[in-house]
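Residue numbering for the sequence shown follows full-length UniProt numbering, starting at 1 and increasing by one per position.
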Amino acid sequence: MAQSEFNLDHEISWFVLPSYWAKIIVGLISCMCFANSYDGDFVFDDSEAIINNKDLRAETPLGDLWHHDFWGGKLSSNTSHKSYRPLTVLTFRINYLFAGGFHPVGFHVINIILHCAISVLMVDVFSILLGGLQYSSKGRRLNLAPKASLLAASLFAVHPVHTECVAGIVGRADLLCALFFLLSFLGYCKALRENKEGNHFSILWVLASVLLGAIALLCKEQGITVLGLNAVFDALVINKLNIVELIQKVLRKDKSLEVHYNVGKNLADKGNQTAAIKYYREAVRLNPKYVHAMNNLGNILKERNELQEAEGLLSLAVQIQYVKRMASIVASTDHKQYNGILYSKC
(Lines of atoms letter the chains of each structure in order from A; the text may use other names.)
(Lines give C-alpha, C1' and ligand atoms only; values in the text may rest on other atoms or scores of the structure.)
Protein backbone atom coordinates (compact mmCIF):
# COMPACT_ATOMS: atom_id res chain seq x y z
CA MET A 1 0.00 0.00 0.00
CA ALA A 2 2.98 2.24 -0.29
CA GLN A 3 3.47 4.93 -2.89
CA SER A 4 4.07 3.77 -6.44
CA GLU A 5 7.70 3.70 -7.58
CA PHE A 6 6.84 5.66 -10.72
CA ASN A 7 4.82 8.78 -9.99
CA LEU A 8 3.34 10.79 -12.85
CA ASP A 9 3.39 13.90 -10.66
CA HIS A 10 7.09 14.25 -11.40
CA GLU A 11 6.26 14.64 -15.12
CA ILE A 12 3.60 17.35 -14.60
CA SER A 13 4.93 20.87 -14.17
CA TRP A 14 2.00 22.77 -12.64
CA PHE A 15 1.68 23.53 -8.93
CA VAL A 16 -0.10 21.32 -6.41
CA LEU A 17 -3.65 22.27 -5.44
CA PRO A 18 -5.29 21.33 -2.14
CA SER A 19 -7.58 18.33 -2.47
CA TYR A 20 -10.79 20.30 -1.99
CA TRP A 21 -9.80 22.80 -4.72
CA ALA A 22 -8.99 19.96 -7.10
CA LYS A 23 -12.44 18.47 -6.50
CA ILE A 24 -14.16 21.84 -6.93
CA ILE A 25 -12.38 22.37 -10.26
CA VAL A 26 -13.28 18.89 -11.54
CA GLY A 27 -16.89 19.36 -10.43
CA LEU A 28 -17.16 22.71 -12.23
CA ILE A 29 -15.53 21.36 -15.39
CA SER A 30 -17.90 18.38 -15.53
CA CYS A 31 -20.91 20.62 -14.92
CA MET A 32 -19.91 23.15 -17.58
CA CYS A 33 -19.24 20.42 -20.12
CA PHE A 34 -22.73 18.89 -19.90
CA ALA A 35 -24.80 21.86 -18.70
CA ASN A 36 -26.17 22.44 -22.20
CA SER A 37 -28.15 19.18 -21.95
CA TYR A 38 -30.41 20.45 -19.14
CA ASP A 39 -33.21 21.60 -21.49
CA GLY A 40 -33.27 18.48 -23.62
CA ASP A 41 -36.47 16.56 -24.26
CA PHE A 42 -37.44 12.94 -23.70
CA VAL A 43 -35.87 10.91 -26.52
CA PHE A 44 -35.49 7.31 -27.69
CA ASP A 45 -35.83 4.88 -24.75
CA ASP A 46 -37.12 7.65 -22.46
CA SER A 47 -40.62 7.12 -23.84
CA GLU A 48 -40.76 3.50 -22.64
CA ALA A 49 -38.69 3.80 -19.45
CA ILE A 50 -40.31 7.02 -18.24
CA ILE A 51 -43.36 8.35 -20.08
CA ASN A 52 -45.09 4.97 -20.57
CA ASN A 53 -43.78 3.45 -17.34
CA LYS A 54 -46.67 3.14 -14.86
CA ASP A 55 -44.22 2.58 -12.00
CA LEU A 56 -43.55 6.34 -11.95
CA ARG A 57 -47.13 7.23 -11.13
CA ALA A 58 -48.40 7.73 -7.58
CA GLU A 59 -51.24 5.23 -8.01
CA THR A 60 -48.73 2.40 -8.49
CA PRO A 61 -47.70 0.92 -5.10
CA LEU A 62 -44.01 1.34 -4.29
CA GLY A 63 -43.77 -2.38 -3.65
CA ASP A 64 -44.41 -3.08 -7.33
CA LEU A 65 -41.03 -1.59 -8.21
CA TRP A 66 -39.35 -4.64 -6.67
CA HIS A 67 -41.31 -7.01 -8.91
CA HIS A 68 -41.03 -5.09 -12.18
CA ASP A 69 -38.23 -4.64 -14.69
CA PHE A 70 -36.70 -1.33 -15.78
CA TRP A 71 -39.52 -0.72 -18.27
CA GLY A 72 -42.37 -1.37 -15.85
CA GLY A 73 -43.19 -4.91 -16.97
CA LYS A 74 -43.54 -7.84 -14.59
CA LEU A 75 -40.32 -9.79 -14.19
CA SER A 76 -42.29 -13.04 -14.30
CA SER A 77 -43.64 -12.21 -17.75
CA ASN A 78 -42.15 -13.98 -20.77
CA THR A 79 -41.93 -10.62 -22.54
CA SER A 80 -39.98 -8.97 -19.70
CA HIS A 81 -36.63 -7.41 -20.52
CA LYS A 82 -35.35 -8.86 -17.20
CA SER A 83 -33.36 -5.69 -16.48
CA TYR A 84 -33.78 -5.28 -12.71
CA ARG A 85 -33.05 -1.67 -11.67
CA PRO A 86 -35.62 -0.74 -9.00
CA LEU A 87 -33.57 2.05 -7.39
CA THR A 88 -33.10 3.80 -10.73
CA VAL A 89 -36.84 3.63 -11.37
CA LEU A 90 -37.41 4.98 -7.85
CA THR A 91 -35.35 8.09 -8.68
CA PHE A 92 -37.44 8.57 -11.85
CA ARG A 93 -40.56 8.35 -9.72
CA ILE A 94 -39.24 10.96 -7.28
CA ASN A 95 -38.41 13.23 -10.24
CA TYR A 96 -41.94 12.80 -11.57
CA LEU A 97 -43.59 13.53 -8.21
CA PHE A 98 -41.52 16.63 -7.43
CA ALA A 99 -41.92 18.05 -10.94
CA GLY A 100 -45.66 17.37 -10.93
CA GLY A 101 -45.52 15.56 -14.23
CA PHE A 102 -43.26 14.72 -17.13
CA HIS A 103 -41.02 17.79 -17.27
CA PRO A 104 -37.61 16.71 -18.60
CA VAL A 105 -35.58 19.56 -17.06
CA GLY A 106 -35.58 18.01 -13.58
CA PHE A 107 -34.57 14.63 -14.99
CA HIS A 108 -31.64 16.14 -16.90
CA VAL A 109 -30.45 18.24 -13.96
CA ILE A 110 -30.23 15.17 -11.73
CA ASN A 111 -28.16 13.38 -14.40
CA ILE A 112 -25.76 16.32 -14.61
CA ILE A 113 -25.41 16.43 -10.81
CA LEU A 114 -24.69 12.70 -10.72
CA HIS A 115 -21.99 13.07 -13.37
CA CYS A 116 -20.41 15.89 -11.34
CA ALA A 117 -20.39 13.73 -8.20
CA ILE A 118 -18.83 10.80 -10.07
CA SER A 119 -16.14 13.03 -11.56
CA VAL A 120 -15.28 14.39 -8.11
CA LEU A 121 -14.97 10.85 -6.74
CA MET A 122 -12.61 10.02 -9.60
CA VAL A 123 -10.07 12.41 -8.05
CA ASP A 124 -9.85 10.03 -5.08
CA VAL A 125 -9.89 6.93 -7.26
CA PHE A 126 -7.09 8.17 -9.52
CA SER A 127 -5.05 9.29 -6.52
CA ILE A 128 -5.15 5.68 -5.29
CA LEU A 129 -4.44 4.13 -8.68
CA LEU A 130 -1.64 6.55 -9.57
CA GLY A 131 -0.16 7.37 -6.17
CA GLY A 132 -0.82 4.34 -4.00
CA LEU A 133 -2.96 3.80 -0.93
CA GLN A 134 -1.71 5.29 2.32
CA TYR A 135 -3.37 6.98 5.30
CA SER A 136 -2.24 9.44 7.95
CA SER A 137 -2.19 8.58 11.65
CA LYS A 138 -5.59 10.28 11.93
CA GLY A 139 -7.10 7.99 9.29
CA ARG A 140 -7.16 10.52 6.46
CA ARG A 141 -6.13 9.18 3.07
CA LEU A 142 -3.01 10.80 1.62
CA ASN A 143 -3.07 11.95 -2.00
CA LEU A 144 0.43 11.07 -3.18
CA ALA A 145 -0.29 12.00 -6.81
CA PRO A 146 -2.29 15.25 -6.56
CA LYS A 147 -1.36 16.66 -9.98
CA ALA A 148 -1.78 13.41 -11.90
CA SER A 149 -5.10 12.59 -10.22
CA LEU A 150 -6.44 16.08 -11.00
CA LEU A 151 -5.44 15.77 -14.66
CA ALA A 152 -6.88 12.26 -15.02
CA ALA A 153 -10.16 13.17 -13.29
CA SER A 154 -10.49 16.28 -15.48
CA LEU A 155 -10.05 14.20 -18.63
CA PHE A 156 -12.63 11.75 -17.30
CA ALA A 157 -15.08 14.58 -16.56
CA VAL A 158 -15.03 16.02 -20.09
CA HIS A 159 -14.69 12.80 -22.09
CA PRO A 160 -17.39 12.57 -24.80
CA VAL A 161 -17.97 8.87 -24.07
CA HIS A 162 -20.23 9.99 -21.20
CA THR A 163 -22.56 11.97 -23.47
CA GLU A 164 -25.17 9.24 -23.87
CA CYS A 165 -25.33 8.48 -20.14
CA VAL A 166 -25.58 12.13 -19.07
CA ALA A 167 -27.69 13.62 -21.87
CA GLY A 168 -29.96 10.58 -22.18
CA ILE A 169 -32.24 10.29 -19.17
CA VAL A 170 -32.27 6.49 -19.17
CA GLY A 171 -28.50 6.72 -18.78
CA ARG A 172 -29.16 7.43 -15.11
CA ALA A 173 -28.92 3.71 -14.48
CA ASP A 174 -25.26 3.86 -15.51
CA LEU A 175 -24.66 7.03 -13.50
CA LEU A 176 -26.19 5.70 -10.29
CA CYS A 177 -24.40 2.38 -10.72
CA ALA A 178 -21.07 4.17 -11.25
CA LEU A 179 -21.62 6.43 -8.23
CA PHE A 180 -22.21 3.58 -5.78
CA PHE A 181 -19.60 1.42 -7.53
CA LEU A 182 -16.94 4.04 -6.78
CA LEU A 183 -18.22 4.58 -3.23
CA SER A 184 -18.01 0.83 -2.63
CA PHE A 185 -14.43 0.73 -3.93
CA LEU A 186 -13.36 3.73 -1.84
CA GLY A 187 -15.09 2.22 1.20
CA TYR A 188 -13.12 -1.00 0.74
CA CYS A 189 -9.90 1.01 0.52
CA LYS A 190 -10.91 2.73 3.76
CA ALA A 191 -11.38 -0.65 5.43
CA LEU A 192 -7.79 -1.68 4.71
CA ARG A 193 -5.50 1.18 5.51
CA GLU A 194 -1.84 1.52 6.39
CA ASN A 195 -0.03 4.26 8.28
CA LYS A 196 3.09 4.71 10.40
CA GLU A 197 1.43 2.93 13.31
CA GLY A 198 0.83 -0.21 11.23
CA ASN A 199 -2.04 -1.84 9.37
CA HIS A 200 -5.67 -1.31 10.36
CA PHE A 201 -8.70 -3.36 9.37
CA SER A 202 -12.31 -2.22 9.80
CA ILE A 203 -15.10 -4.75 9.38
CA LEU A 204 -17.62 -1.90 9.42
CA TRP A 205 -16.10 -0.37 6.30
CA VAL A 206 -16.09 -3.79 4.61
CA LEU A 207 -19.80 -4.16 5.39
CA ALA A 208 -20.40 -0.62 4.16
CA SER A 209 -18.55 -1.46 0.94
CA VAL A 210 -20.69 -4.57 0.40
CA LEU A 211 -23.87 -2.57 1.09
CA LEU A 212 -22.86 0.12 -1.41
CA GLY A 213 -22.07 -2.62 -3.94
CA ALA A 214 -25.57 -4.04 -3.42
CA ILE A 215 -27.06 -0.59 -4.03
CA ALA A 216 -25.01 -0.31 -7.24
CA LEU A 217 -26.41 -3.69 -8.30
CA LEU A 218 -29.98 -2.48 -7.74
CA CYS A 219 -29.26 0.56 -9.91
CA LYS A 220 -27.86 -1.53 -12.77
CA GLU A 221 -26.88 -5.18 -12.98
CA GLN A 222 -23.19 -4.54 -13.70
CA GLY A 223 -22.81 -3.08 -10.20
CA ILE A 224 -22.08 -6.54 -8.83
CA THR A 225 -18.66 -6.47 -10.53
CA VAL A 226 -17.38 -4.12 -7.83
CA LEU A 227 -17.05 -7.15 -5.54
CA GLY A 228 -14.64 -8.69 -8.05
CA LEU A 229 -12.76 -5.41 -8.40
CA ASN A 230 -12.33 -5.14 -4.63
CA ALA A 231 -11.06 -8.72 -4.44
CA VAL A 232 -8.56 -8.18 -7.27
CA PHE A 233 -7.41 -4.86 -5.79
CA ASP A 234 -6.93 -6.53 -2.42
CA ALA A 235 -4.83 -9.31 -3.95
CA LEU A 236 -2.75 -7.35 -6.45
CA VAL A 237 -2.31 -3.96 -4.76
CA ILE A 238 -2.86 -4.31 -1.02
CA ASN A 239 -1.28 -7.77 -0.65
CA LYS A 240 1.09 -7.21 -3.60
CA LEU A 241 0.41 -10.55 -5.27
CA ASN A 242 2.72 -10.94 -8.28
CA ILE A 243 0.72 -12.74 -10.97
CA VAL A 244 3.75 -13.32 -13.22
CA GLU A 245 5.73 -14.81 -10.35
CA LEU A 246 2.78 -16.98 -9.31
CA ILE A 247 2.40 -18.37 -12.85
CA GLN A 248 6.12 -19.06 -13.03
CA LYS A 249 5.97 -20.96 -9.73
CA VAL A 250 3.08 -23.09 -10.98
CA LEU A 251 4.91 -23.86 -14.22
CA ARG A 252 8.09 -24.71 -12.33
CA LYS A 253 6.10 -26.99 -10.02
CA ASP A 254 4.55 -28.88 -12.95
CA LYS A 255 7.95 -29.19 -14.63
CA SER A 256 9.55 -30.38 -11.38
CA LEU A 257 6.73 -32.89 -10.96
CA GLU A 258 7.40 -34.52 -14.32
CA VAL A 259 11.17 -34.47 -13.74
CA HIS A 260 10.85 -36.34 -10.44
CA TYR A 261 8.53 -38.91 -12.00
CA ASN A 262 10.76 -39.48 -15.04
CA VAL A 263 13.93 -39.78 -12.96
CA GLY A 264 12.18 -42.18 -10.60
CA LYS A 265 10.97 -44.35 -13.47
CA ASN A 266 14.43 -44.40 -15.05
CA LEU A 267 16.04 -45.45 -11.75
CA ALA A 268 13.41 -48.15 -11.23
CA ASP A 269 14.05 -49.53 -14.72
CA LYS A 270 17.75 -49.73 -13.85
CA GLY A 271 16.96 -51.63 -10.64
CA ASN A 272 17.80 -48.81 -8.21
CA GLN A 273 14.58 -49.04 -6.23
CA THR A 274 15.83 -47.10 -3.20
CA ALA A 275 16.60 -43.99 -5.26
CA ALA A 276 13.44 -44.47 -7.34
CA ILE A 277 11.29 -44.47 -4.19
CA LYS A 278 12.76 -41.10 -3.20
CA TYR A 279 11.82 -39.47 -6.50
CA TYR A 280 8.37 -41.09 -6.65
CA ARG A 281 7.62 -39.87 -3.12
CA GLU A 282 8.56 -36.33 -4.10
CA ALA A 283 6.32 -36.52 -7.19
CA VAL A 284 3.38 -37.64 -5.03
CA ARG A 285 4.13 -34.88 -2.51
CA LEU A 286 4.01 -32.26 -5.26
CA ASN A 287 0.75 -33.71 -6.58
CA PRO A 288 -1.16 -35.94 -4.13
CA LYS A 289 -3.40 -37.11 -7.02
CA TYR A 290 -0.56 -38.20 -9.34
CA VAL A 291 -1.88 -41.70 -10.07
CA HIS A 292 1.05 -42.93 -12.21
CA ALA A 293 3.58 -42.08 -9.51
CA MET A 294 1.35 -43.72 -6.87
CA ASN A 295 1.04 -46.93 -8.88
CA ASN A 296 4.77 -47.20 -9.55
CA LEU A 297 5.67 -46.38 -5.94
CA GLY A 298 3.07 -48.83 -4.64
CA ASN A 299 4.38 -51.66 -6.85
CA ILE A 300 7.98 -51.06 -5.74
CA LEU A 301 6.95 -51.05 -2.08
CA LYS A 302 5.00 -54.28 -2.63
CA GLU A 303 8.11 -55.92 -4.09
CA ARG A 304 10.05 -54.75 -1.03
CA ASN A 305 7.38 -56.34 1.20
CA GLU A 306 6.24 -52.97 2.59
CA LEU A 307 2.69 -54.15 2.10
CA GLN A 308 0.75 -51.76 4.33
CA GLU A 309 2.01 -48.58 2.64
CA ALA A 310 1.81 -50.22 -0.78
CA GLU A 311 -1.83 -51.18 -0.23
CA GLY A 312 -2.69 -47.64 0.89
CA LEU A 313 -1.10 -46.05 -2.19
CA LEU A 314 -2.62 -48.50 -4.67
CA SER A 315 -6.08 -48.22 -3.08
CA LEU A 316 -5.90 -44.42 -3.21
CA ALA A 317 -4.84 -44.56 -6.86
CA VAL A 318 -7.84 -46.78 -7.66
CA GLN A 319 -10.20 -44.38 -5.86
CA ILE A 320 -8.84 -41.36 -7.74
CA GLN A 321 -9.17 -43.13 -11.08
CA TYR A 322 -12.72 -44.23 -10.20
CA VAL A 323 -13.78 -40.68 -9.32
CA LYS A 324 -12.30 -39.34 -12.55
CA ARG A 325 -14.01 -42.08 -14.55
CA MET A 326 -17.42 -41.42 -12.96
CA ALA A 327 -17.08 -37.68 -13.51
CA SER A 328 -16.29 -38.33 -17.16
CA ILE A 329 -19.35 -40.60 -17.52
CA VAL A 330 -21.66 -38.06 -15.86
CA ALA A 331 -20.36 -35.25 -18.06
CA SER A 332 -20.79 -37.38 -21.17
CA THR A 333 -24.33 -38.40 -20.14
CA ASP A 334 -25.38 -34.81 -19.44
CA HIS A 335 -23.99 -33.75 -22.81
CA LYS A 336 -25.92 -36.48 -24.62
CA GLN A 337 -29.14 -35.64 -22.76
CA TYR A 338 -28.71 -31.98 -23.62
CA ASN A 339 -28.19 -32.81 -27.29
CA GLY A 340 -31.25 -35.05 -27.22
CA ILE A 341 -33.41 -32.29 -25.76
CA LEU A 342 -31.95 -29.77 -28.18
CA TYR A 343 -32.59 -31.83 -31.28
CA SER A 344 -36.04 -32.92 -30.10
CA LYS A 345 -37.08 -29.24 -30.20
CA CYS A 346 -35.79 -28.70 -33.73
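Cβ atoms here follow ideal geometry from the backbone N, Cα and C, with glycine treated the same way.
> Taking Cβ positions, are Val16 and Ala157 nearer each other than 8 Å?
Replying inline: no
> Quick one: what's Arg325 bridged to in DSSP?
Replying inline: For Arg325, which the question treats as bridged, DSSP gives no partner whatsoever.
> Is the stretch 89-108 touching the stretch 21-41, taking contact as three or more C-beta pairs under 8 Å?
Replying inline: yes
> Under three-state DSSP, which class holds Tyr338?
Replying inline: Per-residue confidence for Tyr338 stands at a pLDDT of 43, beneath the threshold of 50, marking its modelled position as unreliable; the derived number appears in the next sentence. Reduced to three states, the DSSP call for Tyr338 is helix.
> Out of curiosity, what's the CA-to-CA distance linking Trp21 and Ile50?
Replying inline: Inter-residue distance for Trp21 and Ile50 is about 37 Å (C-alpha atoms, whole angstroms).
> Are the beta-carbon atoms of His81 and Phe92 separated by less than 8 Å?
Replying inline: no
> If you draw a straight line from the C-alpha of Leu218 to the C-alpha of Tyr84, how long is it?
Replying inline: 7 Å
>> Using only the alpha-carbon positions, how far apart do Lys240 and Gly132 sit?
In response: 12 Å
> Whose C-beta lies closer than 7 Å to the C-beta of Asn143 among residues of the same chain, with five residues either side of it excluded?
Replying inline: Excluding residues within five positions, the ones whose Cβ falls inside 7 Å are Ser19, Ser127, Gly131, Ser149.
>> Just to confirm my understanding: we take Cys177, look at its own chain, exclude 5 residues before and 5 after, and list those with CB closer than 7 Å. What are they?
In response: Ala216, Cys219, Lys220, Gln222, Gly223
> Helix, strand or coil: which one does DSSP assign to Lys82?
Replying inline: coil
>> According to DSSP, is Leu301 part of a helix, a strand, or is it coil?
In response: helix
>> Here's the rule: buried if 16 or more other CB atoms are within 10 angstroms of the residue's CB, otherwise exposed. What is Arg141?
In response: buried
> Quick one: what does DSSP say Arg281 is sitting in, helix, strand or coil?
Replying inline: Arg281: helix per DSSP, three-state reduction.
> Could you give the distance in angstroms between the alpha-carbon of Leu229 and the alpha-carbon of Cys165?
Replying inline: 22 Å
> Can you tell me whether DSSP reads Phe185 as helix, strand or coil?
Replying inline: helix
> Taking the Cβ atom as the reference point for each residue, do Ser30 and Ser119 lie within a distance shorter than 8 Å?
Replying inline: yes
>> Here's the rule I'm using: 16 or more other beta-carbon atoms within 10 Å means buried, otherwise exposed. How should Ser328 be labelled?
In response: exposed
>> My output table needs one value for Lys74: the three-state DSSP class, helix, strand or coil.
In response: strand
>> Quick check: what's the CA-CA separation for Leu87 versus Arg193?
In response: 31 Å
> Apart from the five residues on each side of it in sequence, which residues of its chain come closer than 7 Å, Cβ to Cβ, to Tyr343?
Replying inline: Below a pLDDT of 50, predicted positions are generally treated as unreliable, and Tyr343, at 48, falls in that range; no measurement from the model is reported.
> Going by DSSP, what residues sit across from His68 in a beta bridge?
Replying inline: Lys74
>> Run through the DSSP bridge pairs and tell me what Leu192 is partnered with.
In response: Phe201
> Skipping 5 residues on each side, what residues in its chain have a beta carbon closer than 6 Å to that of Gly264?
Replying inline: Ala276, Tyr279, Tyr280.
>> Is the separation between the beta-carbon of Tyr261 and that of Ala293 shorter than 8 Å?
In response: yes
> With respect to the alpha helix (DSSP H) encompassing Gly106, which residues constitute its N-terminal and C-terminal limits?
Replying inline: 104-131
>> Can you give me the C-alpha to C-alpha distance between Lys74 and Leu257, rounded to a whole angstrom?
In response: 56 Å
> Can you round the beta-carbon distance between Gly187 and Ser209 to whole angstroms, since I take them to be within the 8 Å contact cut?
Replying inline: 4 Å
> Three-state secondary structure (DSSP) at Arg172?
Replying inline: helix
> Taking Lys138 as the reference, which of Phe42, Lys23, Glu306, Lys190 has the closest Cα?
Replying inline: Lys190
> Does DSSP put Arg93 in a helix, a strand or coil?
Replying inline: In the displayed model, Arg93 falls within a helix according to three-state DSSP.
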